[in-house]
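*Asks:* In this text, residue positions in the sequence shown follow my numbering: the first is 10, and each later residue adds one.
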Amino acid sequence: MNVVSFATCLLIAGTGTALAQAALAQAAPAERPILDCADFSKKTDEAELIKRFGKENVVRGKLDGAEGETVPGTIVYPKDPARRLEISWWDTGKRRGLAGITVKDRSAWLVRTPGAARPTIGLGAGLDEVGAANEKPFQINGFGWDYGGYGMGWKGGRLDRMAGGCSLSARFNPDPKVKGKALDRVSGEKEFGSSDPALRAVKPSLSSITIGWPEK
Numbered sequence: 010m011n012v013v014s015f016a017t018c019l020l021i022a023g024t025g026t027a028l029a030q031a032a033l034a035q036a037a038p039a040e041r042p043i044l045d046c047a048d049f050s051k052k053t054d055e056a057e058l059i060k061r062f063g064k065e066n067v068v069r070g071k072l073d074g075a076e077g078e079t080v081p082g083t084i085v086y087p088k089d090p091a092r093r094l095e096i097s098w099w100d101t102g103k104r105r106g107l108a109g110i111t112v113k114d115r116s117a118w119l120v121r122t123p124g125a126a127r128p129t130i131g132l133g134a135g136l137d138e139v140g141a142a143n144e145k146p147f148q149i150n151g152f153g154w155d156y157g158g159y160g161m162g163w164k165g166g167r168l169d170r171m172a173g174g175c176s177l178s179a180r181f182n183p184d185p186k187v188k189g190k191a192l193d194r195v196s197g198e199k200e201f202g203s204s205d206p207a208l209r210a211v212k213p214s215l216s217s218i219t220i221g222w223p224e225k
């Protein structure tokens, strides 16, 4: 798991969020905006975001980071949950050096992927959909701790080859209806393959997606 992922992904849980993500997953892709790594670079700064999205749609705010911390960042469409993006920076003082763009909560953005099998993924996508985009099995962390549910590597699949020099990290939540032993089996500081029957039994779906860039 890279630093960008830890610094920019939100700890997301709750039945309401899960239901919203399920609705997004069923929406027609043509109705949802697409976030493409190729449209940005690590040289992107806040001024460029203002040109792209409009001054009234770009504000500064605190973003959730790793282990309960917050970091200064930029929020695009802060009053529109369906179009909201959270932006983190390597240079937080000057809001430059793009570190990551995160889609979470009720955001309808789809993220462009390199594979022809599934060209986009969005919140609410399950293991099969993400696996199709990766064209290969992948690993995720067990649930129920600070880094629970994070994808721990695409294992050389398509999602390791994002456009524009960016990387993709993602976090999954189990189905909130799943409780007890089924959830206990896939909780804690251990990794599971995306084809693991115990993992599939809790029906994980994407709760956040981050595209990120290295500092140098």
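Where is the CB? At the ideal position from N, CA and C, for every residue including glycine.
Just so we're clear, the structure is a prediction, and the values are computed from it rather than from any experiment.
Nearest to P123 by CA position, among G102, K145, R180, is which residue?
*Replies:* The shortest C-alpha separation from P123 is found at K145.
*Asks:* Please work out which residues of its chain come closer than 7 Å, Cβ to Cβ, to V211, disregarding the five sequence neighbours upstream and downstream, and give them in chain order.
*Replies:* So the list reads P183, D184, V187, A191, L192, V195, once near-sequence residues are dropped.
*Asks:* Can you grab the Cα-Cα spacing for the pair F201 / Q148, in whole Å?
*Replies:* Taking the straight line joining both Cα atoms gives about 6 Å.
*Asks:* For M171 and G189, what's the separation of their Cα atoms in angstroms?
*Replies:* Roughly 37 Å separates the two Cα atoms.
*Asks:* Suppose the cutoff is 8 Å on Cβ atoms and the five residues either side in sequence are ignored; what does the same chain contact list for L4 look like?
*Replies:* The structure shown does not extend to residue 4, since the chain spans only 10 to 225, so no value can be given for it.
*Asks:* Can you tell me the Cα-Cα spacing of C175 and A141, whole angstroms?
*Replies:* Cα to Cα, C175 sits roughly 20 Å from A141.
*Asks:* Comparing alpha-carbon positions, which option in L58, A91, L44 lies nearest G82?
*Replies:* Nearest C-alpha to G82: L58.
*Asks:* Please state whether DSSP places F49 in a helix, a strand or coil.
*Replies:* Three-state result, F49: coil.
*Asks:* Alpha carbon to alpha carbon, how far is P223 from D205?
*Replies:* Looking at the two C-alpha atoms, the distance is approximately 31 Å.
*Asks:* Whole-angstrom Cβ separation of V112 and I43, contact assumed at under 8 Å?
*Replies:* With a Cβ gap of about 11 Å, V112 and I43 do not count as contacting.
*Asks:* What separation, rounded to the nearest whole angstrom, lies between the Cα atoms of K225 and A91?
*Replies:* Going from the Cα of K225 to the Cα of A91 covers about 32 Å.
*Asks:* Closest to A126 by CA distance: which of L132, E138, S97 is it?
*Replies:* Minimum Cα distance to A126 is reached at E138.
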